[in-house]
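Here's the structure, in C-alpha cells; my notes come after.
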Amino acid sequence: EAQVTQNPRYLITVTGKKLTVTCSQNMNHEYMSWYRQDPGLGLRQIYYSMNVEVTDKGDVPEGYKVSRKEKRNFPLILESPSPNQTSLYFCASSSGLYTDTQYFGPGTRLTVL
Amino acid sequence: GENVEQHPSTLSVQEGDSAVIKCTYSDSASNYFPWYKQELGKRPQLIIDIRSNVGEKKDQRIAVTLNKTAKHFSLHITETQPEDSAVYFCALSDRGSTLGRLYFGRGTQLTVWP
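Heads up: the sequence lines are chains R and C, in that order.
For the first sequence, this note's numbering gives the first residue as 6, with consecutive numbering after it.
For the second sequence, this note's numbering gives the first residue as 2, with consecutive numbering after it.
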C-alpha cells in the first residue's frame, strides 16, 4: 500500500531535549516536505527536499533541521525544542513528475513543556 | 514567499445548498492550484486541482474555477451533505522555479447542517 508514515504520532517533551520525528514514503517520490499546522494559521512549510542531499527552507525553518540521505526518508530534527514549537506536524511527499499532488502522513502532535 | 488569502474562514450552509470558498494570490507565475480537505483529526487530502491552462474543472459535486487575470480561484461544492463538513485549504505552487514548494491558505471551516 502506497503511504507516508510518521513516527512518533504523539510526543510530549521538555524544553531543550533534542528530538527527531521520522518520515518515510514507499512511493519512490522525489519531493518531500515538512509542514506545521497551527490553529488559524493553516499549513506552513518548514523545509522541503527535491531529491537526495537537496534540501531548502520553507516559510518557518527556524529551530528545525532536516536531512535527506535516502530517497524514502526525510527526518525532522529539533535540536533544542521550545514551547513555541508545540504544533501538529505533517510530512508529505509528491512525485513532481506531472503533478504536485502531495500525499500527507498521519501527523505528529508535539507538545513541548 | 507567496501570499495566499482564503475567504471565508468559516462557512455554515444548510444541507443541499451550495458552498463557495475563494482564494486570491499575488504571484502571476503560480500555475498549479490544488484544494485539500481535512476532516477532524485526519490528514489533508487532495480533492481537486487545476492548472493555469484550464479555467474550470469539475468532479461530481465539486468544481474549481480559476481566473488568472484577477488572480483568484474558487472551490464550489453543490448539493452539500453533512459529510462535506471539514476544513478546506487552497494551495498553489510555481512548478517552474520552486518545485516542491506549496503555499497554503489559512483554511475554511465548512459546516453543513442537516
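The beta-carbon is built from N, C-alpha and C at its ideal position, and this holds for glycine as well.
Please compile the residues from chain C whose C-beta is within a distance smaller than 9 Å of the C-beta of residue 106(R).
35, 47 and 50
Identity of the residue in 114(C), 27(C), 79(C) and 61(C) nearest residue 92(C) by Cα
27(C)
Would you verify that the beta carbon of residue 110(R) is, or is not, closer than 8 Å to some beta carbon of chain C?
yes
Going by the CB atoms, is the gap between residue 38(R) and residue 78(R) shorter than 8 Å?
no
I need the DSSP call for residue 90(R), collapsed to helix, strand or coil.
helix
Chain R within 8 Å of residue 1(C), Cβ atoms only:
Nothing in the structure corresponds to residue 1(C), since chain C is present only between 2 and 115.
To the nearest angstrom, report how far apart residue 69(R) and residue 83(R) are at their CA atoms.
5 Å
For residue 111(R), three-class secondary structure by DSSP
coil
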